[in-house]
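In my numbering, the protein residues as written are 1 to 160. Glycine included, C-beta positions come from ideal geometry on N, C-alpha and C. Owing to the predicted nature of the structure, the values given are computational and were not obtained by experimental measurement.
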Amino acid sequence: MKYYTKTTKETLSLAKKFAKKLKGGEVIGLIGKLGAGKTIFTKGIALGLGINKNISSPTFVLMKIYPAKSTRAKSGKAILTESNKIKFFVHIDAYRFKNKQDLIAIGASEYFNNPQAITVIEWADKVNKILPKKTIFIKIDYYKNFERTIRVCRRIPYSV
Numbered sequence: 001m002k003y004y005t006k007t008t009k010e011t012l013s014l015a016k017k018f019a020k021k022l023k024g025g026e027v028i029g030l031i032g033k034l035g036a037g038k039t040i041f042t043k044g045i046a047l048g049l050g051i052n053k054n055i056s057s058p059t060f061v062l063m064k065i066y067p068a069k070s071t072r073a074k075s076g077k078a079i080l081t082e083s084n085k086i087k088f089f090v091h092i093d094a095y096r097f098k099n100k101q102d103l104i105a106i107g108a109s110e111y112f113n114n115p116q117a118i119t120v121i122e123w124a125d126k127v128n129k130i131l132p133k134k135t136i137f138i139k140i141d142y143y144k145n146f147e148r149t150i151r152v153c154r155r156i157p158y159s160v
């Protein structure tokens with residue numbers, strides 16, 4: 001699917017709507033040049049999960065884990081079983097990774113496919129070979145005046 005946004009606010013809104021479709025266990029790989037809007041999209045996903053904290057890219061700490069307030073992003077309704085609850089929003093920045101082993105070293109894989117977590121990885125093209133097969137890739141291209149093209153793919157786009 002391909003989307004166009006003209007402002008940062010529209011990009012946040014699109015990501016927030018995207019988050020509402022998540023069920024838990026998803027790994028989302030963000031791809032784009034420096035300044036394309038990967039962190040903005042991540043902030044929108046966090047908002048969609050009920051996280052109102054200031055989300056910044058974990059470039060130096062590599063991974064941040066936030067408690068999610070959403071019981072289920074899709075419905076927004078309380079689910080009675082504790083196991084169905086999205087509890088964690090995991091934000092990873094792979095920009096400084098030297099190789100795919102860095103992703104394993106920080107313990108990220110324990111959140112992959114975890115039904116209680118949503119994992120977002122910025123610069124996912126650097127570690128795509130070890131990401132789960134069901135990873136959702138989002139390629140963001142930035143143009144003038146905050147305009148963006150956002151493509152959602154099941155495979156890593158060839159034109160990274």
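Residue pairing by DSSP places residue 152 opposite 138 in a beta bridge. If you draw a straight line from the Cα of residue 130 to the Cα of residue 100, it comes to about 7 Å.
The DSSP-derived three-state label of residue 35 is coil. With respect to the C-alpha of residue 132, the residue from 148, 150, 112 having the closest C-alpha is 112.
Beyond the five residues adjoining it in sequence on each side, residue 36 comes within less than 8 Å, by CB distance, of 140, 141, 142, 148 in the same chain, given in chain order.
With contact defined as three or more Cβ pairs closer than 8 Å, the stretch 53-63 and the stretch 89-100 are in contact. Per DSSP, the beta bridge partners of residue 30 are 122, 138. Here DSSP, grouped into helix, strand and coil, assigns residue 64 to strand.
Membership of residue 2 in the beta strand (DSSP E) is indicated by the continuous run 2-5.
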